[in-house]
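S.K.: Have a look at the structure that comes next, please.
In the working numbering, the protein residues as written are 1 to 241.
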């Protein structure tokens, strides 16, 4: 969170013309100081928060929960960690329209030991099937380079902006999603695939619980197997009802 953004927020709170906000929504409240949250609360009728990362990933957020009238989490496991949190899913932004596909499969993420081998295997399989890939990986340490095929994996040394990531997703036929061991919920990528009407490849078995699950649109990797993935790729996307 930039200093400039914080200052804009402080200036907004301190405007004499605004005595009350009807509704305040804070995303990632762990990034806000207690003083700033208290100032927001003093000027709000209802103040809510949404933590779009698992509570234990940024544990300082536990100390922020009591500032809010309602505090939402997307991770099912987090519901058992505090009495004052409520369930909600992730979402997608609809201000970027779906684009024509210029790549077949898109992924961006950071290096994680528990998923790198699966990512490499999937990338190799998709490449063998003639798919045009954009697999972007932030690795953080050069010693991790040695097992990465530069023909399949693009190493990024700085974050891709949120907007650029959305544009890339909107220009892809397939969005790739892998679970993070610190989460137990559906990621933003799952919902972005819905919003952009794109296919999804994921290893998150939770997706089967949701009414939008359609095996023609969502390929679920189970036991690290890709059986049937060629048919999945070749079959058209099916519109959701």
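Idealized CB from N, CA, C, for every residue including glycine.
What does DSSP give as the partner residues of residue 58 in its beta bridges?
M.R.: For this step, residue 58 is matched to residue 58 along the chain shown. Paired residues: none, contrary to the question.
S.K.: Return the Cβ separation of residue 74 and residue 84 in integer angstroms, given the expectation that the two are a contact with Cβ distance under 8 Å.
M.R.: As a first step, residue 74 must be located in the chain shown, where it is residue number 74. As a first step, residue 84 must be located in the chain shown, where it is residue number 84. That belief does not hold up - the Cβ atoms of residue 74 and residue 84 are roughly 16 Å apart, past 8 Å.
S.K.: For the beta strand (DSSP E) that contains residue 136, what are its first and last residues?
M.R.: Working through the chain shown from its first residue, we reach residue 136 at position 136. Where residue 136 is concerned, the enclosing beta strand (DSSP E) stretches over 133-138.
S.K.: Going by C-alpha to C-alpha distance, which of 40, 123 and 109 sits closest to residue 24?
M.R.: For the purposes of this step, residue 24 is identified with residue 24 of the chain shown, where counting begins at 1. Checking every option, the nearest Cα to that of residue 24 belongs to 40.
S.K.: From what residue to what residue does the beta strand (DSSP E) around residue 153 run?
M.R.: Residue mapping note: residue 153 aligns to position 153 of the chain shown, counting from 1. Per DSSP, residue 153 belongs to no beta strand (DSSP E) and is neither H nor E.
S.K.: Would you list the residues sitting across from residue 226 in a DSSP beta bridge?
M.R.: The residue you call residue 226 lines up with position 226 of the chain shown. Residue 226 is not bridged to any residue.
S.K.: Could you give the first and the last residue of the continuous beta strand (DSSP E) run that contains residue 199?
M.R.: Reading the chain shown from its first residue, position 199 is the one you call residue 199. Residue 199 -> beta strand (DSSP E) spans 199-202.
S.K.: Spatial neighbours of residue 44 within its chain, please: CB distance less than 6 Å, with the 5 preceding and 5 following residues excluded, ordered by chain position.
M.R.: Along the chain shown, read from residue 1 onward, the residue named residue 44 stands at position 44. Result list for residue 44: 21 and 24, in chain order.
S.K.: Say whether the region 167-175 touches the region 62-71, bearing in mind that this needs 3 or more beta-carbon pairs closer than 8 Å, one atom from each stretch.
M.R.: Short answer: they don't touch.
S.K.: For residue 171, name the three-state secondary structure that DSSP assigns.
M.R.: Translated into the one-based positions of the chain shown, residue 171 becomes position 171. It is coil, neither helix nor strand.
S.K.: Pull up the distance between the alpha-carbon of residue 77 and that of residue 54, whole angstroms please.
M.R.: The residue given as residue 77 occupies position 77 in the chain shown. The residue given as residue 54 occupies position 54 in the chain shown. Between residue 77 and residue 54, the C-alpha separation is close to 9 Å.
S.K.: Three or more C-beta pairs closer than 8 Å, one from the region 224-236 and one from the region 119-130: is that the case here?
M.R.: yes
S.K.: Between the region 96-111 and the region 127-138, do three or more beta carbon pairs fall short of 8 Å?
M.R.: yes
S.K.: Would residue 51 be called buried (16 or more neighbouring beta carbons within 10 Å of its own) or exposed?
M.R.: Taking the chain shown and counting its residues from 1, the one referred to as residue 51 is at position 51. Burial call: buried.
S.K.: Is the separation between the beta-carbon of residue 139 and that of residue 107 shorter than 8 Å?
M.R.: Reading the chain shown from its first residue, position 139 is the one you call residue 139. Reading the chain shown from its first residue, position 107 is the one you call residue 107. No. Outside cutoff.
S.K.: Go through its chain and collect everything with a Cβ distance to residue 68's Cβ below 7 Å, but skip five positions before and after it.
M.R.: Against the chain shown, residue 68 aligns to sequence position 68. 47, 48 and 49.
S.K.: Any chance you could list the alpha helix (DSSP H) runs of at least 4 consecutive residues sitting entirely within the region 48-131, in chain order?
M.R.: Segments of the alpha helix (DSSP H) lying fully in the region 48-131: 116-128.
S.K.: Classify residue 207 as helix, strand or coil using the three-state DSSP reduction.
M.R.: Counting from one through the chain shown, the residue named residue 207 turns up at place 207. Three-state DSSP puts residue 207 in a helix.
S.K.: Following the continuous beta strand (DSSP E) through residue 196, name the residue where it begins and the one where it ends.
M.R.: Within the chain shown, numbered from 1, the residue matching residue 196 stands at position 196. Careful: residue 196 lies outside any beta strand (DSSP E) and carries neither H nor E.
S.K.: Just to confirm before moving on: does the CB-CB distance between residue 98 and residue 163 stay below 8 Å?
M.R.: Translated into positions along the chain shown, residue 98 becomes position 98. Translated into positions along the chain shown, residue 163 becomes position 163. In this structure, residue 163 does not lie closer than 8 Å to residue 98 by Cβ.
S.K.: Which residue comes first and which comes last in the beta strand (DSSP E) that contains residue 25?
M.R.: As a first step, residue 25 must be located in the chain shown, where it is residue number 25. Note, residue 25: beta strand (DSSP E), 21-27.
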